[in-house]
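For reference, the structure is listed below as structure tokens.
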Amino acid sequence: MGFVRGFTNKYVKGNEMFSRFVNVFSVDLLVRGANLLLIPVFLYLMTRHEFGIYNYLYSFAGTAAGILNFGFYVALAKLYADTIENKEKQSSMIFTISTSLIALLAISLIIIYFTKADISFFNYSMKNNLDEINTSIYLNYRFFVFIAMISMVFTNYLTFYFVSSENIPNLQKFNIFRLILSNGTAILVLYFSSSDTVFLRLAITYVAELVLTIIFGRLIVKRFVPKFDIYYLKKAFKLGTPIMVAAIMGIMVNFGDKFFVMKYAGVSDFADYSLAILLATIILIIFQSFNFVWLPLFFKEKDIATLRRKTKRYTIIMFTTLMGIGILIFIGVWIALKFKIIPQTYSQGILIILPILILAQVFAALIGLYINYMTYFEKTYIQVFVGAIISFIGYFLFDYLTEAYLGIGAAIALLILNILTFLFYYTRTQYYINNRLRDNNS
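Residue 61 is where the sequence shown starts when you use the numbering used here, and the numbers rise one by one after that.
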């Protein structure tokens, strides 16, 4: 009790960030928690094979969307803070970045569609698979995979706009509507339909989300001052291009584990792994809620010593909290399997994979905490080199460990890569901070 009281007094009591986080997370908990409670529902509405295919396509679309957002969401957050005192410039900046993103995304998707680059990538990613999912199957879902990509890009951008403008009420409304319209409608249709559940879930979920981004996107449009400023476009590319290139380099980390599990284990075993990944992602969801509150304050803080002190404090808070939540997740999954809340078709092996993935996601959250500094110091190009090195190492780690140990091997490889990445960003951040402090004192 003394330890808990001491921890609370030191890191929680009177902490502005904690109180702001609770205000955001109170509604986020309702939305995210409801999404998690819906996992067993989808497990019963979809076969293990269908669940595996859906999650592979979801990961495929998510990886592509991570590249096709051009890193402009990062530029938006940084430039919003930089223009906070000049509303006209800020509105011009928002107009410039938003319209540029729409144009770039449209051009990119047209090129991808007619060159069939996505089909080529899919052919490559599945060439060693056991024919359980092939290109002809992908073609059945291709249109809605494109819709999913578009939806993911704009959902992420809109979210960062709400975060940057500290418009938390609309962020909460947006998430609540996503829960009700996307997942709720998908469940009803899957329940009453005997058609292809993968197709139906993709179509309903992402068409609904795209419609919602258009509706809530009007809040961004209202901020537009229709004045295209090439200066902000250049800044957006300077900040965003390294993020996009890093996303390309990071395909091996973000998609590699799934690729090699599918390659060596097949769709059904991939369903087990993707379920474990989905559950472990709760850790990142919680961190994301924290980071949404932290980012506007982070970019506004000009005292680098204060920023380092706060980051150290939040590192301790996040690591301790997320590890505790990870333990609760594991216990909850064990109970769900024991009482058949999770169908028995899913292997008990996820109980071995899950703790490794939870720890990997804890380090992924800490990476997110320190990678903010790369944007703060406008050193986002560093992420390109890190992504290239980690991807190179990751290819051999995933290939060797997944072939030898299947899902467990992939989870171990992901953990190793996340630890290495965290150590790099932590040390690099300290280097930049020390240089800035030295310059300020000279």
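All C-beta atoms, glycine included, are put in the ideal place defined by N, C-alpha and C.
Less than 8 Å between CB atoms is the rule here; does tyrosine 406 satisfy it with respect to chain D? No chain D is part of this structure, which consists of one protein chain only.
Beta-carbon within less than 8 Å of leucine 497's beta-carbon, same chain only, minus the 5 sequence neighbours each way: which residues are those? Ile364, Ala365
To the nearest angstrom, how far is the alpha carbon of serine 334 from that of tyrosine 118? 10 Å
Using the rule of at least 16 other Cβ atoms within 10 Å of the residue's Cβ for burial, across every protein chain shown, is phenylalanine 456 buried or exposed? exposed
Measuring only the C-alpha atoms, how far is leucine 505 from leucine 139? For residue 505 there is no data in the structure shown, the boundaries of the chain being 61 and 502.
Contact under 8 Å by Cβ, leucine 136 with serine 224: yes
Are valine 258 and tyrosine 198 touching if we call contact CB-CB under 8 Å? no
Phenylalanine 174: buried (16+ other C-beta within 10 angstroms of its C-beta) or exposed? exposed
Hey, out of Asn227, Ser255, Glu226, Leu260, whose CA is closest to serine 242's CA? Leu260
Among Leu169, Asp178, Ser349, which has the Cα closest to the Cα of leucine 429? Ser349
If you run the structure through DSSP and keep just helix, strand and coil, what is valine 285? coil
Between the C-alpha atoms of asparagine 500 and arginine 369, what's the straight-line distance to the nearest angstrom? 17 Å
Using beta-carbon positions only, say whether aspartate 178 and phenylalanine 320 come within less than 8 Å of one another. no
Applying the 10 Å Cβ sphere with the 16-neighbour rule, what's the burial state of asparagine 351? buried
Since phenylalanine 347 is in the alpha helix (DSSP H), which residue starts that stretch and which ends it? 342–360
In three-state DSSP terms, what is serine 145? The question names serine, but residue 145 in the sequence shown is glutamate. Here glutamate 145 sits in coil by DSSP.
Pick from Pro356, Leu426, Asn314: whose alpha carbon is nearest that of tyrosine 486? Leu426
Got a sec? Which residues, its chain only, sit under 7 Å from phenylalanine 379 by beta carbon, not counting five neighbours each side? Val422, Leu426
Just confirm the distance between the C-beta atoms of phenylalanine 297 and tyrosine 217, as a whole number of angstroms; I'd bet it's less than 8 Å. At roughly 15 Å, the Cβ-Cβ gap does not stay under 8 Å, so phenylalanine 297 and tyrosine 217 are not in contact.
Who are the Cβ neighbours of phenylalanine 484 in its own chain at under 7 Å, not counting the five residues just before and after it? Val446
Going along the chain, which residues of its own chain have a beta-carbon closer than 6 Å to the beta-carbon of glycine 454, five neighbours each way excluded? Met312, Val313, Gly316, Leu477
Give the single residue among Tyr324, Ser407, Thr341, Thr405 whose Cα lies nearest to the Cα of leucine 461. Tyr324
Just to confirm, are valine 481 and isoleucine 450 a CB contact at a threshold of 8 Å? The question names valine, yet the displayed sequence has threonine at residue 481. Yes, these two residues count as a Cβ contact at 8 Å.
Pair within 8 Å by beta-carbon distance, threonine 375 and tyrosine 433: no
The alpha helix (DSSP H) spanning aspartate 499 covers which residue range? 442–501
Looking at the unbroken alpha helix (DSSP H) that takes in arginine 373, where does it start and where does it end? 364–398
Is proline 302 buried or exposed, if buried means 16 or more other CB atoms sit within 10 Å of its CB? buried
Count Cβ pairs between the region 265–280 and the region 123–132 that sit closer than 8 Å; are there 3 or more? no
What is the DSSP secondary structure of phenylalanine 130, reduced to helix, strand or coil? coil
Nearest to methionine 309 by alpha carbon, out of Ala470, Ile395, Phe452, Ile162? Phe452
Hey, isoleucine 418 and phenylalanine 437: beta-carbon distance below 8 Å or not? no
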